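Colleague:
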Amino acid sequence: GAVVSQHPSWVICKSGTSVKIECRSLDFQATTMFWYRQFPKQSLMLMATSNEGSKATYEQGVEKDKFLINHASLTLSTLTVTSAHPEDSSFYICSARWTGRRNLGGYGYTFGSGTRLTVV
Amino acid sequence: AQSVTQLGSHVSVSEGALVLLRCNYSSSVPPYLFWYVQYPNQGLQLLLKYTTGATLVKGINGFEAEFKKSETSFHLTKPSAHMSDAAEYFCAVGPDAGNKLTFGGGTRVLVKP
Numbered sequence: 001g002a003v004v005s006q007h008p009s010w011v012i013c014k015s016g017t018s019v020k021i022e023c024r025s026l027d028f029q030a031t032t033m034f035w036y037r038q039f040p041k042q043s044l045m046l047m048a049t050s051n052e053g054s055k056a057t058y059e060q061g062v063e064k065d066k067f068l069i070n071h072a073s074l075t076l077s078t079l080t081v082t083s084a085h086p087e088d089s090s091f092y093i094c095s096a097r098w099t100g101r102r103n104l105g106g107y108g109y110t111f112g113s114g115t116r117l118t119v120v
Numbered sequence: 001a002q003s004v005t006q007l008g009s010h011v012s013v014s015e016g017a018l019v020l021l022r023c024n025y026s027s028s029v030p031p032y033l034f035w036y037v038q039y040p041n042q043g044l045q046l047l048l049k050y051t052t053g054a055t056l057v058k059g060i061n062g063f064e065a066e067f068k069k070s071e072t073s074f075h076l077t078k079p080s081a082h083m084s085d086a087a088e089y090f091c092a093v094g095p096d097a098g099n100k101l102t103f104g105g106g107t108r109v110l111v112k113p
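Protein chains in written order, with our numbering: chain A, 1 to 120; chain B, 1 to 113.
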């Protein structure tokens, strides 16, 4: 229960192009999703909080025009890396918050499997 | 504000030995605490969590953790390490006012045969 699917698992793109990453909650409705970036051998860095039907809240220092987040439905949030450059190469992970599932302890966060982005 | 400190960025244990990963947190409200495991090039998988109730929490793969409010700790243990336990482990506290989790820096576990 509380499954999150993230696609693609990996993507290689040319510098200057845009890449879209999808995060879907498969068996629950996620009003709040989160997007993280992870550098090698480091912890997760929160980029933004995505709320269904409203604008995302970006963390300080994250360029909202470069990392476009859309949360148009209760089961889908997307992250689009616009005009990607090699420095955007990283591992991106989404997460969804869920509540009310007693068989799972009532409250939690489920993570996607991550997307390895390489910009060449 | 919430914060998490994981003592030791790397831990090396022998197969069959005790695994102990330390996590201390800071929170101005009663915390929910989580331990996640991450294998290379994968997302985070929940090992266990504390929300309310029993302070000794059992998780998957033989792991358990104890919430100690007086020590603001939530250390993770496993009595006998297995080679498959080699991974990165993250402790997290939340939610904050924005429903966000705050992660520790992670501890990489190496299991020696």
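Glycine residues also receive a C-beta, built at the ideal position from the N, C-alpha and C atoms. Here the structure is a predicted model, which is why all the values come from computation and not from measurement.
Output the distance between the C-alpha atoms of Ser27(B) and Phe103(B), rounded to the nearest integer angstrom.
Modeller: Position 27 of the second sequence holds residue 27(B). Position 103 of the second sequence holds residue 103(B). Straight-line Cα distance between these residues: approximately 12 Å.
Colleague: Can you look up Glu87(A) in the DSSP assignment and give me helix, strand or coil?
Modeller: Within the first sequence, numbered from 1, the residue matching residue 87(A) stands at position 87. It is helical.
Colleague: Does Ala56(A) pass the burial test, meaning 16 or more other C-beta atoms within 10 Å, or should it be called exposed?
Modeller: Taking the first residue of the first sequence as position 1, residue 56(A) is located at position 56. Looking at its Cβ environment, which holds 16 or more other Cβ atoms inside 10 Å, Ala56(A) is buried.
Colleague: Beta carbons nearer than 7 Å to chain A: which residues of the region 68 to 92 of chain B have them?
Modeller: If the cut-off is 7 Å between Cβ atoms, the region 68 to 92 of chain B has Phe90 near chain A.
Colleague: Pick helix, strand or coil for Asn41(B), following the three-state DSSP scheme.
Modeller: Translated into the one-based positions of the second sequence, residue 41(B) becomes position 41. Residue state, collapsed to three classes: coil.
Colleague: For a test of the three-state rule: what should DSSP assign to Ser84(B), helix, strand or coil?
Modeller: Walking along the second sequence from the start, residue 84(B) turns up at place 84. It is helical.
Colleague: In three-state DSSP terms, what is Gly94(B)?
Modeller: In the second sequence, residue 94(B) corresponds to position 94, counting from 1. It is a strand residue.
Colleague: Suppose you measure from the CA of Ser89(A) to the CA of Val119(A); what does that come to, to the nearest Å?
Modeller: Here residue 89(A) refers to the residue found at position 89 of the first sequence. Here residue 119(A) refers to the residue found at position 119 of the first sequence. Their backbone Cα atoms lie some 6 Å apart in a straight line.
Colleague: Going by C-alpha distance, which of Leu46(B), Val93(B) and Gln2(B) is nearest Asn61(B)?
Modeller: Indexing the second sequence from 1 puts residue 61(B) at position 61. Comparing Cα positions, the closest option is Leu46(B).
Colleague: Closest to His75(B) by C-alpha separation, out of Tyr36(B), Val29(B) and Ser14(B), would be which residue?
Modeller: By 1-based counting over the second sequence, the position of residue 75(B) is 75. His75(B) has its Cα closest to that of Tyr36(B), out of Tyr36(B), Val29(B) and Ser14(B).
Colleague: Should Leu117(A) be labelled buried (16 or more other beta-carbon atoms within 10 Å of its own) or exposed?
Modeller: Position 117 of the first sequence holds residue 117(A). So Leu117(A) ends up on the buried side.
Colleague: Tyr36(A): buried (16+ other C-beta within 10 angstroms of its C-beta) or exposed?
Modeller: To locate residue 36(A), count along the first sequence from 1; it is residue 36. Answer is buried; the Cβ neighbour count reaches 16.
Colleague: For Gly59(B), tell me which candidate among Lys100(B), Leu33(B) and Ser3(B) has the shortest Cα-Cα distance.
Modeller: In the second sequence, counting from the first residue as 1, residue 59(B) sits at position 59. Residue Leu33(B) is the option with its Cα nearest to Gly59(B).
Colleague: Grab the span of the beta strand (DSSP E) containing Val11(B) for me, first residue to last.
Modeller: Residue 11(B) sits at position 11 when you count from the first residue of the second sequence. Note, Val11(B): beta strand (DSSP E), His10 to Ser14.
Colleague: Using the beta-carbon of each residue, which ones in chain B are nearer than 8 Å to Ser113(A)?
Modeller: For the purposes of this step, residue 113(A) is identified with residue 113 of the first sequence, where counting begins at 1. Ordered by position in chain B, the residues that pass the 8 Å Cβ test against Ser113(A) are Gln42 and Gly43.
Colleague: How about Leu114(B): is its C-beta nearer than 7 Å to some C-beta of chain A?
Modeller: It is not possible to answer for residue 114(B), since the shown part of chain B is limited to 1 through 113.
Colleague: Where does Gly108(A) fall in DSSP's three states?
Modeller: Translated into the one-based positions of the first sequence, residue 108(A) becomes position 108. Here Gly108(A) sits in strand by DSSP.
Colleague: Distance, Cα to Cα, Val19(B) vs Val111(B)?
Modeller: Here residue 19(B) refers to the residue found at position 19 when the second sequence is read from its first residue. Here residue 111(B) refers to the residue found at position 111 when the second sequence is read from its first residue. In a straight line, the C-alpha of Val19(B) is about 9 Å away from that of Val111(B).
Colleague: Cα separation between Leu26(A) and Asp85(B)?
Modeller: As a position in the first sequence, residue 26(A) is number 26, starting the count at 1. As a position in the second sequence, residue 85(B) is number 85, starting the count at 1. About 28 Å.
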